[in-house]
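Below is one structure, written out as structure tokens; the observations come after it.
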Amino acid sequence: MTILQVTNLTCEYRTNPLGIDLNQPRLSWRIESDRRGTLQHSYKIQVSLTEGFENPLWDTGVIESDQSLHIEYDGPSLVSRTRYYYRIKVWDNFGRESNWCDISWWETALLDSSEWKASWITPNPEEIHPQAEPTFMLRKQFELKKQIESARIYATGVGLYELYLNGNKVGDELLAPGWTSYHKRIQYQTYDVTADLNINNNVIGVMLADGWYKGNLAWENKRHIYGEQRAVMLQLHVRYDDGTEDVITSDPTWKTSTGPILYSEIYHGETYDARLEQVGWSEENFDDKAWKGVVICQPPVTRIVAQENNPVRVTETIRPISSFVTPEGDRVIDFGQNMVGRIRFTVNAPEGTEIVLKHAEVLDKNGNIYFGNLRTAKQTVKYIAKGTGTEIYAPYFTFQGFRYAKVEGYPGQENGLPLENFVGEVIHSDMELTGEFETSNSMVNQLQQNIVWGQRGNFVDVPTDCPQRDERLGWTGDAQVFIRTALFNYHGGQFFTKWVRDLKADQLPDGGVPFVIPQVVDGASSAAWGDAAVICPWNVYLNYGDERLLAEQYDSMKAWVEYIRVQGENEYLWNTGFHFGDWLGLDGKEDSYYGATPNDLVATAFYAYSTRLLRDSAAVLSKAEDVQAYGELLENIIQEFKNEFVTKNGRLAVSTQTAHVVALMFDLVEGKVRERIAHDLNELVLDHDYHLTTGFVGTPYLCFVLSITGYHETAVKLLLQKTYPSWLYSVTKGATTIWEHWDGIKPDGSFWSDDMNSYNHYAYGAIGDWMYRVLAGLDMDEAKPAYKRIRIQPKFGGKELTFIRASHYSMYGKITSSWNLSNEEVTAELEIPANTTAQILLPNAKLEDVKESNKALVDMDSIIDIYQTEDGVSLEIGSGSYCFVYPNEKGIGLVYTPDTKVIDILADEKTAKVLVSYIPKIGSNTSILASLKKLKLGELVDQPLTNLSFEQMEEVIEKLNQFERETVALKQ
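Residue numbers (our numbering): 127 to 1098.
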């Protein structure tokens, strides 16, 4: 019996979404097959109001198409508050017909704003001051008299809210309603509470805190950015078995009070006095006579939308690995991982005992807990015990970035802390993990883990720069440099859909883009930051094939390019305005945040890049006039870039690594000029002994352009570099996340300035994109997005990276690119999902030598095309799992020749000794070393500084190769 089945059904990226407000939701699915080369030939979708599908509401009939992503519902108009069941079957290219898949569903929320009958309510300001610090508690008792068929609550708040019903928290979401551009867009959530209601008396309860809406935001101690009054709006729809309905809404009949949460702020933490708990406050029979009244209010919000993003949840728990006393006498818990979330603890303490947790990321060089980089953020949680036995507490409306916590006041802590009473709860937007990456190098594996943890910690509803200090903002530059890496590791379709909509909402009338989204600080329209308006929607399209979002954002993308166009006197050169430039570039002036690459070069390069992506977006959306117009604009920008920044002899006029990187990455030069600039970039890296000097702008692309232009070995050496500045330097210092600064902790253990020194800052983690797409070779043909046509073309990394495996769960299914190299052979294990094809390169292979599952390639099924190239064997294959084996003619070791550079010999202590034994001056004279290190070994012969003869050179080469052979043998 053969297998062909439809699986993993999603509606708007979600499985069985509860509460969407789209009139034409889109359906996607995957196909599982036991036959290689499976492609969808046709499909059929049915949508029904019942699970039995007796009378389908919409039946597509058999549609001949290979499309399995984002198929728009095109049936009768949807009705609010209704569940729609759907099922799918497919036919494949072998003539097989699948069974109907398991039934999935989506449920509409409120499709029209007029359906909101509830009022915004807030405590009566004459009884509870609007600026009171304690969290508000609101309750409403009501009665239901019939048998309940279904019940839904639709709720939102200005401030953060948690919902309770009959004594229990509703749902597992945190920090609702999330952070949006509140004045223009605010989300509401939908809850299925059918099982939580009683016939007779019920009570709804809401806790309401300041959150992002009116709490502290940014570093200037701003408050009330969006409004000065917390409020909630909620309506409960109850449908009875007899078909009738009741609606309970937030209205003036509710009651309110304050409670045990005395203080709660995103940056500063929470204070909870358990003695003030009002037991049973969200249950019937609670005496609320002392509670106050509420009034109707109207917050400054204009549009209410159903939940778009993945909810924030606790996604993992971590037990501490140790506790210790610092030299300064502090009792500290170590969770072993720089994480974002909260600590839940258990305690049995006398009434009034105050327990304080102060959170931090690192210890200083003396082993004391370090709070300096938090700036004004307190990150402090206080709990005052009620003294009634075992008490359990975790903060409600805040989160911290930390690995360590200083504990004060815990009973008996002078004799050690009971680690079993503390647990770290990891909090972030609950995205699906879609990426895996591992290698034979443990430090690179730790780097990958640091990248993932950096993403988890900074994807708390918006893509923030950092999760610990008084910032935690949606910096556009950080988001755009990291998005491709982010979308490999986690499914970010929902996450970035919400965020780019906020970007569009906050975009300025002239097309400029604020530095941060949602906009809460002044400043806008820096190159590489504002370009997020174009880069982010384009990358969502590439990864998920989301043309609808691309079309939705197109006007925003176009407005950004047109904004740039009118800056200054030359419409093809961007040389005006404020720019962050190559932020934190290491080639800048002492104590400066700005790199040395001129702003106008960076700005014009990104102007070209955004124009190129806008042109390509226009092509996708069939906007022919714009394709031509922006194609011409791009040509003019490129020409002006050359006029301004490329000398008549074909060199860049700016000698920074970043200048060379952006010129190459954005295709601003070609031919011999491109070759020379690539050579010069490689020389610049060698000048710094295989170290980078790039900042936020250059770093994401540095290894890409080196690999693309023929200097892949240099790119690998940059990745594997362990000394400052490098990706692995922080790993040598024990980092478990990506740092903001290359030297956040300096070699002597001291710190970068407290002013800006995050130890959880994902931007430099953008190297992940190169690791996945170049080292592992897992990429796509961008002409067929969402990995419809996969490209697997790895570039090997030498003896330090003999095993590399990357897997990605695309919209079509799991893709795996795994490569294992020994000195004798190469083994490639590949996985291609159904309804896709893949272009594969087997590097350095010869057609006649390759075996697949122990068969010659000519006997292989599902092969579409195969041919020999200079780089190896190229294959076009269909879906399935494959194992290719072929001889490794190049081996895994280095081969030393007269063309080997001196710097590469000196990079290893043992090989350096060989060369120094023949040329002692190289080891003792730094000026001689500086003049010789970039020369080839053969160029040292008969040099006055070396006195190396040709025969001696041959002896050096033989000894180096012998050493290399011995080293490789030990690795086998």
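For each residue, glycine too, the CB sits at the ideal point set by N, CA and C. Given the structure is predicted, the values throughout are model-derived calculations rather than measurements.
Pick from the options that is closest to residue i, judged by C-alpha positions
{"i": "V799", "options": "N769, W345, E410", "result": "N769"}
{"i": "R691", "options": "S748, G638, E409, V438", "result": "G638"}
{"i": "T282", "options": "V427, I661, L183, W155", "result": "V427"}
{"i": "Y816", "options": "S852, A902, I351", "result": "S852"}
{"i": "T702", "options": "S748, L727, A722, N808", "result": "L727"}
{"i": "E978", "options": "S1005, V1011, V952", "result": "V1011"}
{"i": "Y536", "options": "V976, F523, N547, A400", "result": "N547"}
{"i": "N499", "options": "S1053, H167, H867, L901", "result": "H867"}
{"i": "G406", "options": "N324, L291, T397", "result": "L291"}
{"i": "V857", "options": "N615, G293, N576", "result": "N576"}
{"i": "I918", "options": "M937, I941, A912", "result": "I941"}
{"i": "P1070", "options": "I1045, Y509, I1083", "result": "I1045"}
Own chain residues within Cβ distance below 6 angstroms of residue i, not counting five before or after
{"i": "T928", "result": "S566, L947, I1018"}
{"i": "L1001", "result": "I966, I992"}
{"i": "V795", "result": "A789, I803"}
{"i": "F792", "result": "A731, A734, Y735"}
{"i": "Y888", "result": "G580, Q581, N584, F608, I864"}
For residue i, the three-state DSSP class (helix, strand or coil)
{"i": "R445", "result": "coil"}
{"i": "N181", "result": "coil"}
{"i": "F922", "result": "coil"}
{"i": "L739", "result": "helix"}
{"i": "P1046", "result": "helix"}
{"i": "F929", "result": "strand"}
{"i": "K1027", "result": "strand"}
{"i": "Y139", "result": "coil"}
{"i": "C592", "result": "coil"}
{"i": "M937", "result": "coil"}
{"i": "S1057", "result": "helix"}
{"i": "D218", "result": "strand"}
{"i": "Q539", "result": "helix"}
{"i": "N294", "result": "strand"}
{"i": "G513", "result": "coil"}
{"i": "A722", "result": "coil"}
{"i": "P640", "result": "strand"}
{"i": "Y393", "result": "coil"}
{"i": "F792", "result": "coil"}
Cβ-heavy atom distance, residue i to the ligand SAM, below 7 angstroms
{"i": "T384", "result": "Ligands displayed in this structure: none; no statement on the ligand SAM is therefore possible."}
Residue range of the beta strand (DSSP E) that includes residue i
{"i": "I247", "result": "247-249"}
{"i": "C423", "result": "Here C423 belongs to no beta strand (DSSP E), and DSSP marks it neither H nor E."}
{"i": "K1099", "result": "The structure shown does not extend to residue 1099, since the chain is modelled only from 127 through 1098, so no value can be given for it."}
{"i": "N328", "result": "326-335"}
{"i": "D238", "result": "Careful: D238 lies outside any beta strand (DSSP E) and carries neither H nor E."}
{"i": "P826", "result": "Segment 825-834 is the alpha helix (DSSP H) holding P826; no beta strand (DSSP E) there."}
{"i": "Y530", "result": "526-534"}
Cβ-based neighbour list, residue i, same chain, cut-off 7 angstroms, excluding 5 preceding and 5 following
{"i": "Y1108", "result": "Because residue 1108 is not part of the residues shown, which for the chain are 127 to 1098, the question remains open."}
{"i": "K859", "result": "I871"}
{"i": "V787", "result": "L807, T820, G824, Y827, L828, V831"}
{"i": "A744", "result": "D752, V753, Y756"}
Spatial neighbours of residue i in its chain, beta-carbon cut-off 8 angstroms, leaving aside the 5 residues before and after
{"i": "L854", "result": "M569, V570, L573, L845, L846, Q847, K848"}
{"i": "I374", "result": "K266, F268, I330, Q361, L362, V364"}
{"i": "A892", "result": "V607, F608, R610, T611, T825, P826"}
{"i": "D147", "result": "T234, A235, L236, L237, V431, A432"}
{"i": "M1079", "result": "P1024, L1063, G1064, L1066, V1067"}
{"i": "V1040", "result": "I1031, V1082, K1085, L1086, F1089"}
Extent of the continuous alpha helix (DSSP H) to which residue i belongs
{"i": "W155", "result": "First-last for W155: 152-159, but that is the beta strand (DSSP E), not the alpha helix (DSSP H)."}
{"i": "D604", "result": "602-615"}
{"i": "F1010", "result": "Run containing F1010: none in the alpha helix (DSSP H); it sits in the beta strand (DSSP E), 1006-1013."}
{"i": "T623", "result": "619-632"}
{"i": "L148", "result": "It is not in any alpha helix (DSSP H) - L148 carries neither H nor E in the DSSP assignment."}
{"i": "K798", "result": "797-813"}
{"i": "T840", "result": "838-846"}
{"i": "K684", "result": "673-691"}
CB-CB length for residue i against residue j, believed under 8 angstroms
{"i": "P687", "j": "L634", "result": "Going by the sequence as given, residue 687 is Val instead of Pro. The pair is not a contact, with the Cβ atoms about 14 angstroms apart (cut-off 8 angstroms)."}
{"i": "L812", "j": "K1047", "result": "Wrong, their Cβ atoms sit about 20 angstroms apart, outside the cutoff."}
{"i": "T316", "j": "L144", "result": "5 angstroms"}
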